[in-house]
Amino acid sequence: MALKSISLTRKDYTESVFDEINKDPVIEVDVNDLTFTYNAKKGWAPVLKDVKLDIKGAQLVSILGPNGVGKSTFIHCMNKLLDPTSGSVMINDHLISDIPLKEMAKICGYVPYSSSDSFPLTVTDTILMGRHPHSKLGSLNDDLLIVKETMNLIGIEDLADRLFTELSAGQRQKVMLSRGLAQQPRILFLDEPTSNLDIKYQLEITRMLRRLSRERNMLVIMISHDINIAAKYSDNILILLDGGIFAIGKPEDVITEENIEKVYDVKVKVIKDNDRPHIIMVDEEELVEGGDFEVSID
Ligand SMILES: Nc1ncnc2c1ncn2[C@@H]1O[C@H](COP(=O)(O)OP(=O)(O)O)[C@@H](O)[C@H]1O
Ligand SMILES: [Mg+2]
Numbered sequence: 001m002a003l004k005s006i007s008l009t010r011k012d013y014t015e016s017v018f019d020e021i022n023k024d025p026v027i028e029v030d031v032n033d034l035t036f037t038y039n040a041k042k043g044w045a046p047v048l049k050d051v052k053l054d055i056k057g058a059q060l061v062s063i064l065g066p067n068g069v070g071k072s073t074f075i076h077c078m079n080k081l082l083d084p085t086s087g088s089v090m091i092n093d094h095l096i097s098d099i100p101l102k103e104m105a106k107i108c109g110y111v112p113y114s115s116s117d118s119f120p121l122t123v124t125d126t127i128l129m130g131r132h133p134h135s136k137l138g139s140l141n142d143d144l145l146i147v148k149e150t151m152n153l154i155g156i157e158d159l160a161d162r163l164f165t166e167l168s169a170g171q172r173q174k175v176m177l178s179r180g181l182a183q184q185p186r187i188l189f190l191d192e193p194t195s196n197l198d199i200k201y202q203l204e205i206t207r208m209l210r211r212l213s214r215e216r217n218m219l220v221i222m223i224s225h226d227i228n229i230a231a232k233y234s235d236n237i238l239i240l241l242d243g244g245i246f247a248i249g250k251p252e253d254v255i256t257e258e259n260i261e262k263v264y265d266v267k268v269k270v271i272k273d274n275d276r277p278h279i280i281m282v283d284e285e286e287l288v289e290g291g292d293f294e295v296s297i298d
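Numbering-wise, the working numbering puts 89 at position 89 of the sequence shown, and it's gapless, one number per residue.
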């Protein structure tokens, strides 16, 4: 009897986590001493060690760092795709380990790095899958409206009836972005969302993510390899290195010549563009001059 009442209380509690978090005007992610090890039983070294982080408020945060440093792993620990080996993640004072997956899917959207494991669905149906955590009996028309609005926002209305599997890498990336936005989460995680896009869309999408963070009161956490675009639009940047956070803060404080050299092992010059740092790559090696290399269409 007592047990039953405990489980009922717990169910009531968990069913309202999304509503509770959504009502809160301030969104916050709190990472406490997070350690993550793949194959801990085989004695592998941890990818992330005692990471502490507090992100508060709807903003665009970029995660930078060299290949293989643990950026994707970190995001997976924050959106509950992976369980930390030790430590915890909280969203607005709720331990995510206590939040059911269906509630998590309403709170956190996720745009994965690659979408090769895809089904031959139309673009409309693929984006509609983003509405799945919210869908209720009779909500299909509303959901389709949101899908349409999102396609307009990203500029892919013309792809609506095309098969996802028959799209180019850049078009797929726009569809996956649309799916994440159609989910209308409080926190949107994106893993290199503009890696396949041309420069116009890299700028447009990153600028839009920043704007939507304000308009939708949404925290956007994005992994990026484009230091200049991240510096141009992010509210804050964090750089991962050696299992931990190497630097964190405003772009002008984090994107420095010393930091980039230490983290990426390349020499750069940092100039200011509208008060934002902008890196220029310096190549100290003398270039070998060649002969007359010509191209023409004659
Ligand atoms: N599923 C996995 N199993 C074992 N090791 C993994 C797995 N995924 C990633 N790793 C390893 O963990 C480290 C961090 O990977 P990842 O988080 O993908 O880095 P990043 O996103 O910064 O490039 C790398 O050394 C990678 O090889
Ligand atoms: Mg990655």
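Ideal Cβ placement from N, Cα and C applies to all residues, glycine included. All of these numbers come straight from a predicted model, not from anything done at the bench.
Can you find a heavy atom of ligand 1 that lies under 7 Å from the Cβ of residue i?
i    : result
G291 : no
V47  : yes
N39  : yes
N67  : yes
Quick check: does the Cβ of residue i come within less than 7 Å of any heavy atom belonging to ligand 3?
i   : result
S72 : Absence of ligand 3 is noted for the structure shown, with ligand 1 and ligand 2 being the only ligands found.
Which value, in whole angstroms, describes the spacing of the CA atoms of residue i and residue j?
i    : j    : result
N305 : L241 : Lying outside 1 to 298, the shown extent of the chain, residue 305 is not represented and no answer is given.
I297 : K52  : 57 Å
E285 : L140 : 60 Å
L219 : E289 : 49 Å
K269 : L64  : 18 Å
S224 : S62  : 6 Å
L121 : D158 : 15 Å
G291 : D283 : 21 Å
I156 : A45  : 43 Å
D226 : K49  : 25 Å
V26  : M176 : 26 Å
G170 : N67  : 21 Å
Y13  : D93  : Bear in mind that a pLDDT of 49 at Y13, under 50, signals an unreliable position, so the model cannot answer this.
L167 : R214 : 31 Å
C108 : F293 : 52 Å
K200 : G43  : 45 Å
I311 : Q173 : The structure shown does not extend to residue 311, since the chain spans only 1 to 298, so no value can be given for it.
A160 : K56  : 36 Å
T73  : I96  : 16 Å
L8   : M104 : Here L8 scores only 43 on pLDDT, less than 50, and its place in the model should not be relied on; the value that follows carries that caveat. Computed Cα separation, rounded: 20 Å.
A58  : G249 : 15 Å
E257 : D54  : 26 Å
Q202 : K23  : 32 Å
T124 : V295 : 43 Å
I245 : G138 : 46 Å
G70  : D33  : 15 Å
K267 : R162 : 44 Å
M129 : K41  : 36 Å
K106 : D143 : 14 Å
M90  : D265 : 34 Å
E252 : L287 : 31 Å
May I ask you to check if the CB of residue i is nearer than 7 Å to at least one heavy atom of ligand 2?
i    : result
Y113 : yes
D226 : no
I221 : no
D191 : yes
Return the Cβ separation of residue i and residue j in integer angstroms, given the expectation that the two are a contact with Cβ distance under 8 Å.
i    : j    : result
A247 : H278 : Rounded, the Cβ-Cβ distance is 17 Å, inconsistent with contact.
L60  : M222 : 7 Å
S118 : F164 : 5 Å
I255 : I237 : 7 Å
I187 : V29  : 7 Å
V47  : G243 : 7 Å
I302 : S178 : This structure leaves residue 302 out entirely; the chain is present only between 1 and 298.
I205 : L197 : 7 Å
R216 : Y233 : Actually they do not touch by this definition, with Cβ atoms about 16 Å apart.
Would a check of beta-carbon distances place residue i closer than 8 Å to chain D?
i    : result
S168 : No chain D is present in this structure, which holds just one protein chain.
Next item on the list: Decide yes or no for the touch test of the stretch 179-197 against the stretch 149-156: beta carbon pairs closer than 8 Å, at least 3 of them.
Entry: yes
Check: Does the stretch 88-107 come close enough to the stretch 270-287 to have 3 or more Cβ pairs within less than 8 Å?
Finding: no
Check: For the stretch 82-89 against the stretch 31-44, are there 3 or more C-beta pairs whose distance is under 8 Å?
Finding: yes
Margin query: Any contact between the stretch 122-137 and the stretch 190-205? By contact I mean 3 or more CB pairs, one from each, below 8 Å.
Written below: no
Next item on the list: Take every Cβ of the stretch 68-82, pair it with every Cβ of the stretch 14-26, and state whether three or more of those distances are shorter than 8 Å.
Entry: no
Check: Are three or more beta carbon pairs between the stretch 254-268 and the stretch 105-115 nearer than 8 Å?
Finding: no
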